[in-house]
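Undergrad:
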Amino acid sequence: MTDRILVEIATGSTLLFALGAHAIRSRPIFINALFLLIVSAALCAFAIRSHKSILSVPSILLHLVFDGTDRRYSLLLFWSICVLSSLIFCVVVNVSDHSSTIHRKFFHLTISLIFMTGLRYDVEFVWLCGWLVLCIFIIVEVSIRIWANHLKFSIVFTARRFRNEVYRLSLNNLWIETCASLFLRYKILEQQK
Numbered sequence: 114m115t116d117r118i119l120v121e122i123a124t125g126s127t128l129l130f131a132l133g134a135h136a137i138r139s140r141p142i143f144i145n146a147l148f149l150l151i152v153s154a155a156l157c158a159f160a161i162r163s164h165k166s167i168l169s170v171p172s173i174l175l176h177l178v179f180d181g182t183d184r185r186y187s188l189l190l191f192w193s194i195c196v197l198s199s200l201i202f203c204v205v206v207n208v209s210d211h212s213s214t215i216h217r218k219f220f221h222l223t224i225s226l227i228f229m230t231g232l233r234y235d236v237e238f239v240w241l242c243g244w245l246v247l248c249i250f251i252i253v254e255v256s257i258r259i260w261a262n263h264l265k266f267s268i269v270f271t272a273r274r275f276r277n278e279v280y281r282l283s284l285n286n287l288w289i290e291t292c293a294s295l296f297l298r299y300k301i302l303e304q305q306k
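Residue numbering for the sequence shown follows the numbering used here, beginning at 114 and increasing consecutively.
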């Protein structure tokens, strides 16, 4: 129940941020304030919807991730190794002068490993992560498009290195697997009947 509430609030907050950031895109400093305002409101909304105090929200969110089982800890360790290897790969490719389709396949491999192990060992958790990652992708895409012209973040340079031939981020595999995990909820509900 808590994960469904979190997904609803995260999705609504992401939509509000994307629309608000688009409306005030000419003033990037206000976008930071908008982001902080929406995150604060989302935390308050989560506390109200879950009938808990605002001070207990961090522990509730931590318990959603770290549920105390060895299976979850092993899964999180494996996923952390995959993410760390991707970050190291970003640094290595960022130092070089170019990237190709072959370089981008590395990310497809790591995301596939994360998605497949999630499907095998913890379907509900990969469903929750799928929604949250989708929200993060949208926020990052909106932020990169707005901030790229104003500041020279290393994330912008790294993202530009991994753009495909038409100068768009090549996130196809990531989007497909993230969206596929969104529909896992129906499978979970069918199994519970």
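The beta carbon of each residue, even a glycine, is placed where N, CA and C say it ideally should be.
Since we're looking at a predicted model, the values are computed, not measured.
With respect to the alpha helix (DSSP H) encompassing K218, which residues constitute its N-terminal and C-terminal limits?
TA: T214 to Y234
Undergrad: What is the rounded straight-line gap between the Cα of S267 and the Cα of V253?
TA: Low confidence applies to S267: its pLDDT is 47, below 50, so where it sits in the model is not reliable enough to give any reading.
Undergrad: Taking contact to mean 3 or more Cβ pairs, one atom from each stretch, closer than 8 Å, check whether the region 226-233 and the region 185-203 are in contact.
TA: yes
Undergrad: Would you call F179 buried or exposed, if buried means 16 or more other Cβ atoms sit within 10 Å of its Cβ?
TA: exposed
Undergrad: Does the beta-carbon of S153 have 16 or more other beta-carbons within 10 angstroms, so that it is buried, or is it exposed?
TA: exposed
Undergrad: Tell me, to the nearest whole angstrom, how far the beta carbon of C242 is from that of T124; I am working on the premise that it is less than 8 Å.
TA: About 14 Å; that fails the 8 Å criterion.
Undergrad: Buried or exposed for V279, going by 16 or more other Cβ atoms inside 10 Å?
TA: Summary for V279: the model assigns pLDDT 43, below 50, so the residue's position carries little reliability, and this model does not support an answer.
Undergrad: Where does the unbroken alpha helix (DSSP H) through T124 begin, and where does it stop?
TA: T115 to A136
Undergrad: Within 10 Å of its beta-carbon, does G181 have 16 or more other beta-carbons around it, so buried, or fewer, so exposed?
TA: exposed
Undergrad: By the DSSP assignment, the alpha helix (DSSP H) with R162 in it spans what residues?
TA: Start and end: P141 to R162.
Undergrad: Once you ignore the five residues that flank H176 on each side, which residues in its own chain have a CB closer than 6 Å to its CB?
TA: none
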